[in-house]
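Note that full-length UniProt numbering numbers the first sequence so that position 354 is 354, with each residue one more than the last.
Remarks on the structure that follows.
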Amino acid sequence: MSSAPGPSLSQRAVSARAAPYLDELNPAQRAAVEALDGPVLMLAGAGTGKTKALTTRIAHLLNTGRARPNEILAVTFTNKAAREMKARIGRLLGEAVEGMPWLGTFHAICVKLLRRHAELAGLKSNFTILDTDDQIRLMKQLIQAENIDEKRWPARQLAGIIDHWKNRAWTPDKVPAAEAGAFNNRGTELYALYQARLKELNAVDFGDLLLHMVTIFQTHDDVLEQYRRWFRYILVDEYQDTNVAQYLWLRLLAGGHHNICCVGDDDQSIYGWRGAEVGNILRFEKDFPGAQVIRLEQNYRSTPHILAAASGVISANRDRLGKTLWTEADEGEKVRLIGHWDGEEEARWIGEEIESMQRGTRGMRPFSLDEIAILVRASHQMRAFEDRFLTIGLPYRVIGGPRFYERMEIRDAMAYFRLAVSPADDLAFERVVNTPKRGLGDKAQQKIQVAARAAGVSLVEGAKRLLADRGLSGKGAAELAKLLDGIDRWGRMAGEPEISHVELAEIILDESGYTAMWQNDKSPEAPGRLENLKELVKALEEFENLTGFLEHVSLIMDNEAEGEGEKVSVMTLHAAKGLEFPAVFLPGWEDGLFPSQRAMDESGLKGLEEERRLAYVGITRAGELATISFAGNRRVYGQWQSQLPSRFIDELPEEHVEVLTPPGLYGGGYGAAAPRGIEVAASRADVYNSPGWKRMQARAGERPVSQPRESRHSVIDLEAVAAYAVGERVFHQKFGYGAVTAIEGDKLEVEFEKAGSKKVVARFVTAADDIPF
DNA sequence: GGGCACGCGCGTATT
DNA sequence: GCGCGTGCCC
1 MSSAPGPSLS QRAVSARAAP YLDELNPAQR AAVEALDGPV LMLAGAGTGK
51 TKALTTRIAH LLNTGRARPN EILAVTFTNK AAREMKARIG RLLGEAVEGM
101 PWLGTFHAIC VKLLRRHAEL AGLKSNFTIL DTDDQIRLMK QLIQAENIDE
151 KRWPARQLAG IIDHWKNRAW TPDKVPAAEA GAFNNRGTEL YALYQARLKE
201 LNAVDFGDLL LHMVTIFQTH DDVLEQYRRW FRYILVDEYQ DTNVAQYLWL
251 RLLAGGHHNI CCVGDDDQSI YGWRGAEVGN ILRFEKDFPG AQVIRLEQNY
301 RSTPHILAAA SGVISANRDR LGKTLWTEAD EGEKVRLIGH WDGEEEARWI
351 GEEIESMQRG TRGMRPFSLD EIAILVRASH QMRAFEDRFL TIGLPYRVIG
401 GPRFYERMEI RDAMAYFRLA VSPADDLAFE RVVNTPKRGL GDKAQQKIQV
451 AARAAGVSLV EGAKRLLADR GLSGKGAAEL AKLLDGIDRW GRMAGEPEIS
501 HVELAEIILD ESGYTAMWQN DKSPEAPGRL ENLKELVKAL EEFENLTGFL
551 EHVSLIMDNE AEGEGEKVSV MTLHAAKGLE FPAVFLPGWE DGLFPSQRAM
601 DESGLKGLEE ERRLAYVGIT RAGELATISF AGNRRVYGQW QSQLPSRFID
651 ELPEEHVEVL TPPGLYGGGY GAAAPRGIEV AASRADVYNS PGWKRMQARA
701 GERPVSQPRE SRHSVIDLEA VAAYAVGERV FHQKFGYGAV TAIEGDKLEV
751 EFEKAGSKKV VARFVTAADD IPF
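Here it is, written out as structure tokens:
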């Protein structure tokens, strides 16, 4: 396989330097690192040191002189993963190696490649990358232009369909006939129109980055050949998450030497719904004959009980490559299982449990809040926890949520920057032409569109002509003239070296009236948005100019900045993949919620198996303590529903599970915990009839566990309380502005302007005048 | 053109 | 139960 040596092999030292890093590896990891040539599948179970093996392998490739840093293609899915890998390789080799230019996400690498070969895709090399928002706006226009009823056939849906096709590497002419019925039989046609429009705009969407490169490789042997030679070794992280387009791209590039090492875990494939094909990893040995399959099975994260519980659940899946995780760790605590009356009770119990864990209970060590995570199936489950934690003053952070660069105010501001840099950016112009309100509504905007189209020019240019022809009047005309004037001026300023781009950004936000818009906004979000704009300007400082910044942002959507202080993490199971916490709570294990009814309805057994892998991911995040819970009743879209324990609970091996006495059902009695307006008897009967519940009761009988009910909040933060007086105006991160109506211990009762009356812990609010705007 | 009221739909999420 | 989007009215 490693036939043709590169030109500089002699210099690259056949005699490898000492490789002390190899001694740090276990036998399987070492095998995966040393099997440098030919196809390798590294099946790395949860917590088995996958990143360590992967980065050491790269270090070894460099150290043995097999490849220079720029001859290694290493692909990840997220920027975070790419960053981590870079940092670890740097540490391994002691900064001796300059950055690896081809270590990055699929998308980042494809952008680089596509800029070099843009003309082969009918683009100019300075093409712009549209995000989801731009994409949908473009499709909306197409749908309108085609006189399609937007209500019955929303742009979102079309975007989803086209995205799905692109994930499968289908260009409009390759969409199979079986899919022709999509979008009222017009899917393929609209797809072709959309692609044509993108070309006109010299733009691509995320899916195109892969799709264009696959097409180029398939149709230009010389280009493909060049990169096959160049990328001597290929490494792929999270291979189970690859979609068809990514798979084809990899197979094309690895087609010559087959030096491809894919790392992944079929049991952690949880992105089928967005195009990932578990089949890619299951088929690896067929795709790459002679592949070595190396299993990383020694787990360094979790106790045997946790591993056994996870493995019990996942063993119910059929299509698996199969792994058996083992550990040298002490037995530890069993996975704990507890049922609650309803979702609020579940949140209350977890809140109290966390507080006692901080102090250390039941013979366990004390946990710091940073060591605790709550992993939910769906983000709406987070609300119960947020509400509860705010009430008891338990610090928490929500991971995920809208990313910084996806926030409205950031996208607006960036649209202004884009216009300054390239006034022909029609999508940017559309976004901000009437933000802030300039009296340029649909009608005025239509006139601009018509004028631009008639002259075959950009919207900015069209707007100028429209004004020159007196096609607009009144306030709108004056405001538009001001905006156009501004765009011209900012563009000129961008070219002046004496004005820094940071200053320019401030000037743009100021002169456009955008900052003022939020300053005059009385809603509770406004201060936060202004804060975000400040952060945006600060982020600019790290770049040479606006153009460089915009390019960076189009590919990177990071959400790093996190407040100081110990906090419980709350996130979805999906967001938790790749993370680990000593203690993990897994609430909401109820059939229909988890496994999700929708997943099962839409994808049947396949869907259920993916949900089960999600359960596996959840349990294996825990190092020392995993607590699974479910509620008998839950409010779903405002309606109370009785819930059955998840079928996954029945799959937990009994000997590794400890059933805790459910306080709401054993100690407190039903009546006390029953929410108003539901049929207590009916829901109780349902819960009682489920196998999971019966077994739980049986086990609880064997080994009753008493719940220590300790009083909480013994320490009152008097200083925080003393800072407020009744009637005072305060600001709360979640609830916005309000006035203090009562003070009680360390809590304040506040009548919020939007959120109504709430009891909140004093240190969670600030005096309203302290807000920086 | 902006503000309000009504109706619908509601998952997980990266680039 | 809530938020978003549309449509109607001023």
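Don't be surprised by glycine CBs; every beta carbon is placed ideally from N, CA and C.
Rounded to whole angstroms, the separation of the alpha carbons of Leu103 and Lys112 is 11 Å. DSSP places Thr56 in the uninterrupted alpha helix (DSSP H) bounded by 50-63. In the structure shown, the three-state DSSP call for Pro69 is helix. With a contact defined as Cβ atoms closer than 8 Å, Ala53 and Ala32 qualify at about 5 Å. Distance between Arg318 and Phe404, taken at the CA atoms: about 40 Å.
Counting C-beta pairs with one atom in each stretch, the region 84-92 and the region 55-65 have three or more that are closer than 8 Å, which means they touch. Contact annotation: the region 144-156 does not touch the region 111-128, with fewer than three C-beta pairs closer than 8 Å. The criterion of a C-beta distance shorter than 7 Å is not satisfied by Asn520 and Glu409. Residue pairing by DSSP puts Ala203 in a beta bridge opposite Thr128.
Here Thr547 carries a helix assignment [DSSP, helix/strand/coil]. Excluding residues up to 5 positions away in sequence, Phe77, Gly264 lie with their Cβ nearer than 6 Å to the Cβ of Glu238 in the same chain.
For the region 465-552, the continuous alpha helix (DSSP H) assignments of 4+ residues that do not extend past its boundaries occur at 474-495, 501-511, 514-519, 526-540, in sequence order.
Here the region 623-643 lies against the region 326-345, with 3 or more beta-carbon pairs under 8 Å apart. For Asp342, the beta-bridge partners assigned by DSSP are Asn633.
Contact between Thr741 and Glu749 holds: CB atoms are separated by about 5 Å, below the 8 Å threshold.
Separation of Arg232 and Cys261 (C-alpha to C-alpha, rounded to the nearest whole angstrom) is 12 Å. Counting of Cβ neighbours within 10 angstroms places Asp208 among the buried residues, the total reaching 16 or more. Fully enclosed beta strand (DSSP E) runs of no fewer than 3 residues occupy 233-236 of the region 227-256, in order along the chain. Judged by beta-carbon spacing, Leu375 lies within the 7 Å limit of Leu573, meaning their Cβ atoms are closer than that value. Counting along the chain, Gln298 sits inside no beta strand (DSSP E), nor does DSSP assign it H or E at all.
For Tyr396, DSSP records a beta bridge to Val568. Per DSSP, Val111 is one residue of the alpha helix (DSSP H) stretching across 106-116. Residue state for Thr741 is assigned as strand, using DSSP reduced to three classes.
The alpha carbon of Arg68 has as its nearest neighbour, out of Glu150, Ala308, Thr51, Gly99, the alpha carbon of Gly99. By the Cβ test, the region 392-406 is not in contact with the region 428-441, since fewer than three Cβ pairs between them sit closer than 8 Å. Three or more Cβ pairs closer than 8 Å define a contact, and the region 642-651 falls short of that threshold against the region 362-371.
The beta-carbon separation of Ile314 and Arg613, rounded to 7 Å, stays under the 8 Å limit for a contact.
For Trp165, the uninterrupted alpha helix (DSSP H) segment begins and ends at 155-167.
For the 7 Å CB-CB criterion, Leu307 and Leu325 form a contact.
Around the beta carbon of Lys334, 16 or more other beta carbons sit within 10 angstroms, so the residue counts as buried. Shown here for Val726: same chain residues with a beta carbon closer than 7 Å to its own, the five before and five after excluded, namely Val740, Thr741, Ala742, Ile743 in chain order. Rounded to whole angstroms, the separation of the alpha carbons of Thr242 and Gly400 is 21 Å. In this structure, the beta-carbon distance from Ala413 to Leu419 does not fall below 7 Å. From the listed residues Gly441, Gln157, Phe106, the smallest Cα separation to Trp249 is found for Phe106. A direct Cα-to-Cα measurement between Ala444 and Ala526 gives close to 28 Å.
Per DSSP, reduced to three states, the secondary structure at Ser311 is helical.
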